[in-house]
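Reading through the structure tokens given below for one structure.
Residue numbers (our numbering): -1 to 641.
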């Protein structure tokens, strides 16, 4: 019903009329008129005669986005052509670019997020895909596991093979690990400096290792792994490992240079410094029991939160210790000391837990331990990186520990000083090994931030002699490789001889003086003198960036810098591979076969197409050791559009 006021000359009478909707009308004006001329004239009539109705019509027209009606009028629709209708209902051909692009995107999703392949068969995922593009038909899980993912694996593996095939020098890390299903794995990660002076890490395998973990079998496995990737053993500078006797024996059998992981060495030093002290054992046990009590009791957690608010303490949770990480034990003790008042208040309120109250002796022991060990945490974290040079820091860190951080104070005695002395004695004893000291000295010398800062004057002559020897060996190796390449090229071109024109001599060529290059030893000495005379780089600067800018001035020494500065100080890269492997063998995928874990365990790379390299599996040819390379599981691949 609408009321339309019509003037009758003297008075306006309200006439109630019922409007019949205009057939096919889409303009809002038909809310006030049942029939009439064009809509422009009707709007003009409302504007001149019915101001209130005109304002309503204008608002309705604006909100409808034009002349569309807001009160039930049907919007205009565009009818599809017959061909377009058939096309919209026809699925993509599996050979079409669109279908291949969507399928690849789904494979990358499975790889990047490490989701089970079963995800593609779940109703929710299928509904999302159908909503995004109803013409796309999603293949089954076997298509992804047997075709898409293996193809991505092969593509990335080939890229990495091409990248590492002609390395002049590289280092490596390796370690052993057991999954949550107690299946053993071995990882191998290589490290090198590329032509742009960027430190690169490539994890080549995290492979099933079912045989006995003896030194002989591990040695054979590592040799075959390098061979499978086309890597020359002679170019392996050093392998960083933990202190396991079987790993040490394996490298001795292969006659490879080894460097003990600094993190493991420090962990062993700390464990030995406190393992026979009853005071430390009691205080540590008290901390574990307190943390366990609050971890498994919701009431005590709630009470601890209330006590923290009441005492104005940080709302932090207690930290649980990891037996294989000494740093987690220190953090646990720090947190207990921080929350001592709140913990005491909660435990004292419950008669059953009062026996857990820490005594003043326990508090003194905890404070002594944290005071002695807390400064060491930063060094462990800093030396565990794989994206920057770390090996050249080992000698400076040892010097700093001896002269400052762990140096016992003569006028003080107590648990803190005892711990410092035991840790320092253990580290100094382990790093007395001549081969290790020589390796670390070379790495420190080739770091422009340190050079000769941490070596004695008599040691400098030994280093210069070794630099000269190794530089000559590198040049001879390069010359031999170049000669063999030229011989091969000549053999290839000898079958089709080409008659060359005799070159003409220019007038200036008769006045050119013959200049001879200085002897090798003289050139090396000149480079060494120039390198040592240059100002030492800032301690916060990047040594690889320094070498990138200066390598043209020191072409011989820069090759040695690439050789030694790629060595990692810890075996953390291989342990990170196991962390990724643990994310693959999860509780929802605990039945994943061991031979399939390797393709799903990965490490980030920066390749031309921003792929992420997976830990490629290697088939060992030895009859006593078999690492299987079959199956396909999620790959960690990252892709960006390229031309």
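All C-beta atoms in this analysis are idealised placements derived from N, C-alpha and C, irrespective of residue type, glycine included.
Keep in mind that this is a model prediction, so the values were computed, not measured.
What number of angstroms, rounded off, separates the C-alpha of residue 382 from the C-alpha of residue 571? Numbered from its first residue, the chain shown carries residue 382 at position 384. Numbered from its first residue, the chain shown carries residue 571 at position 573. Whole-angstrom Cα-Cα distance: 8 angstroms.
In terms of alpha-carbon separation, which member of 289, 217, 278 lies closest to residue 255? One-based indexing of the chain shown puts residue 255 at position 257. Looking at the Cα atoms, 217 is the closest of the given residues.
Within 10 angstroms of its Cβ, does residue 191 collect 16 or more other Cβ (buried), or is it exposed? The sequence position of residue 191 within the chain shown is 193, counting from 1. Answer is buried; the Cβ neighbour count reaches 16.
Give the DSSP-derived three-state secondary structure of residue 197 in the structure shown. Residue 197 sits at position 199 when you count from the first residue of the chain shown. Strand, per DSSP.
Work out the CA separation of residue 111 and residue 132 for me, nearest whole Å. Along the chain shown, read from residue 1 onward, the residue named residue 132 stands at position 134. Along the chain shown, read from residue 1 onward, the residue named residue 111 stands at position 113. Approximately 24 angstroms between the Cα atoms of the pair.
Per DSSP, what kind of secondary structure is residue 52 in: helix, strand or coil? Here residue 52 is taken as the residue at index 54 of the chain shown, counted from 1. In this structure, residue 52 counts as helix in the three-state DSSP scheme.
Is residue 263 near residue 241, with beta carbons less than 8 angstroms apart? Within the chain shown, numbered from 1, the residue matching residue 263 stands at position 265. Within the chain shown, numbered from 1, the residue matching residue 241 stands at position 243. Yes, these two residues count as a Cβ contact at 8 angstroms.
Less than 8 angstroms between CB atoms is the rule here; does residue 531 satisfy it with respect to chain C? No chain C appears in the structure shown, which is made up of a single protein chain.
Burial state of residue 525, where buried means 16 or more other Cβ atoms lie within 10 Å: The sequence position of residue 525 within the chain shown is 527, counting from 1. Buried.
Can you grab the Cα-Cα spacing for the pair residue 212 / residue 196, in whole Å? To locate residue 212, count along the chain shown from 1; it is residue 214. To locate residue 196, count along the chain shown from 1; it is residue 198. In a straight line, the C-alpha of residue 212 is about 36 angstroms away from that of residue 196.
Could you spell out the range, first to last residue, of the beta strand (DSSP E) harbouring residue 380? For the purposes of this step, residue 380 is taken as the residue at position 382 of the chain shown. Where residue 380 is concerned, there is no enclosing beta strand (DSSP E), although the alpha helix (DSSP H) it sits in stretches over 358 to 381.
Alpha carbon to alpha carbon, how far is residue 429 from residue 331? The residue labelled residue 429 in the question sits at position 431 within the chain shown. The residue labelled residue 331 in the question sits at position 333 within the chain shown. Taking the straight line joining both Cα atoms gives about 29 angstroms.
Does the distance from the C-beta atom of residue 229 to that of residue 248 stay below 8 angstroms? Residue numbering aside, residue 229 sits at position 231 when the chain shown is read from its first letter. Residue numbering aside, residue 248 sits at position 250 when the chain shown is read from its first letter. No.
Would residue 81 be called buried (16 or more neighbouring beta carbons within 10 Å of its own) or exposed? Residue mapping note: residue 81 aligns to position 83 of the chain shown, counting from 1. It counts as exposed.
Counting C-beta neighbours from all protein chains within 10 Å, is the total for residue 154 16 or more, i.e. buried, or is it exposed? Position 156 of the chain shown, counting from 1, holds the residue named residue 154. When all chains shown are included, residue 154 counts as buried.
Thinking C-alpha only, which one of 477, 528, 465, 357 is nearest residue 561? On the chain shown, residue 561 is found 563 positions in, with the first residue counted as 1. Ranking 477, 528, 465, 357 by Cα distance to residue 561 puts 465 first.
Minimum C-alpha distance to residue 174 - residue among 148, 210, 276: By one-based count along the chain shown, residue 174 stands at place 176. Per the Cα distances, 210.
Per-residue burial, residue 185 [other beta carbons within 10 Å of its own, 16 or more giving buried]: Working through the chain shown from its first residue, we reach residue 185 at position 187. Label assigned to residue 185: buried.
Could you name the residues that DSSP lists as bridge partners for residue 147? In the chain shown, residue 147 corresponds to position 149, counting from 1. Partner(s): none; residue 147 has no beta bridge.
Where does residue 642 sit, in a helix, a strand or coil, going by DSSP? The question about residue 642 has no answer here: the residues shown for the chain are numbered -1 through 641.
Please report the straight-line C-alpha distance between residue 611 and residue 391, rounded to a whole angstrom. Numbered from 1 along the chain shown, position 613 holds the residue referred to as residue 611. Numbered from 1 along the chain shown, position 393 holds the residue referred to as residue 391. Residue confidence for residue 611 is low, a pLDDT of 35 falling below 50, so the modelled location carries little weight and cannot support an answer.
Is DSSP giving residue 406 helix, strand or coil here? On the chain shown, position 408 is the one that residue 406 refers to. In this structure, residue 406 counts as coil in the three-state DSSP scheme.
Per-residue DSSP class, three states only, for residue 112: Taking the chain shown and counting its residues from 1, the one referred to as residue 112 is at position 114. Three-state DSSP puts residue 112 in coil, outside helix and strand.
Take residue 320 and list the residues in its own chain whose beta-carbon comes closer than 7 angstroms to its own, dropping the five residues that flank it on each side. Position 322 of the chain shown, counted from the start, is the residue given in the question as residue 320. For residue 320, where only same-chain residues beyond five positions count, the Cβ hits under 7 angstroms are 326.
For residue 655, tell me which candidate among 446, 441, 460, 452 has the shortest Cα-Cα distance. The structure shown does not extend to residue 655, since the chain is modelled only from -1 to 641, so the question has no answer here.
Distance between residue 413 and residue 420 (C-alpha atoms, nearest Å): Walking along the chain shown from the start, residue 420 turns up at place 422. Walking along the chain shown from the start, residue 413 turns up at place 415. Roughly 11 angstroms separates the two Cα atoms.
According to DSSP, which residues form a beta bridge with residue 173? Stepping through the chain shown from its first residue, residue 173 is reached at position 175. DSSP lists 185 as partners of residue 173.
Cβ-based neighbour list, residue 470, same chain, cut-off 7 angstroms, excluding 5 preceding and 5 following: Sequence index remark: in the chain shown, residue 470 carries index 472 (1-based). Excluding residues within five positions, the ones whose Cβ falls inside 7 angstroms are 518.
Secondary structure at residue 90, three-state DSSP: helix, strand or coil? The count along the chain shown starts at 1 and reaches residue 90 at position 92. Residue 90: coil per DSSP, three-state reduction.
Strand pairing of residue 204, partner residues [DSSP]: For the purposes of this step, residue 204 is taken as residue 206 along the chain shown, with counting starting at 1. Looking at the DSSP assignment, residue 204 forms a beta bridge with 185.
With 16 other Cβ atoms within 10 Å as the buried cut-off, status of residue 316: As a working mapping, residue 316 is identified with position 318 in the chain shown. Buried, because 16 or more other Cβ atoms sit within 10 Å of the Cβ of residue 316.
Do residue 189 and residue 170 have their beta-carbon atoms positioned less than 8 angstroms apart in this structure? Taking the chain shown and counting its residues from 1, one reaches residue 170 at position 172. Taking the chain shown and counting its residues from 1, one reaches residue 189 at position 191. In contact: residue 170 and residue 189 (Cβ atoms closer than 8 angstroms).
Nearest candidate by alpha-carbon position, reference residue 167, set 567, 529, 557: Numbered from 1 along the chain shown, position 169 holds the residue referred to as residue 167. Selected option, being the one with the closest Cα: 557.
At the level of alpha carbons, what is the spacing between residue 299 and residue 311? To locate residue 299, count along the chain shown from 1; it is residue 301. To locate residue 311, count along the chain shown from 1; it is residue 313. Rounded to the nearest angstrom, the two C-alpha atoms are 14 angstroms apart.
Given a cut-off of 8 angstroms, decide if residue 422 and residue 399 are closer than it, judged by their beta-carbon atoms. One-based indexing of the chain shown puts residue 399 at position 401. One-based indexing of the chain shown puts residue 422 at position 424. A contact, by the Cβ cut-off of 8 angstroms.
Between the Cα of residue 104 and the Cα atoms of 138, 349, 364, 285, which residue gives the shortest distance? If you number the chain shown from 1, residue 104 lands on position 106. Considering only alpha carbons, the answer is 138.
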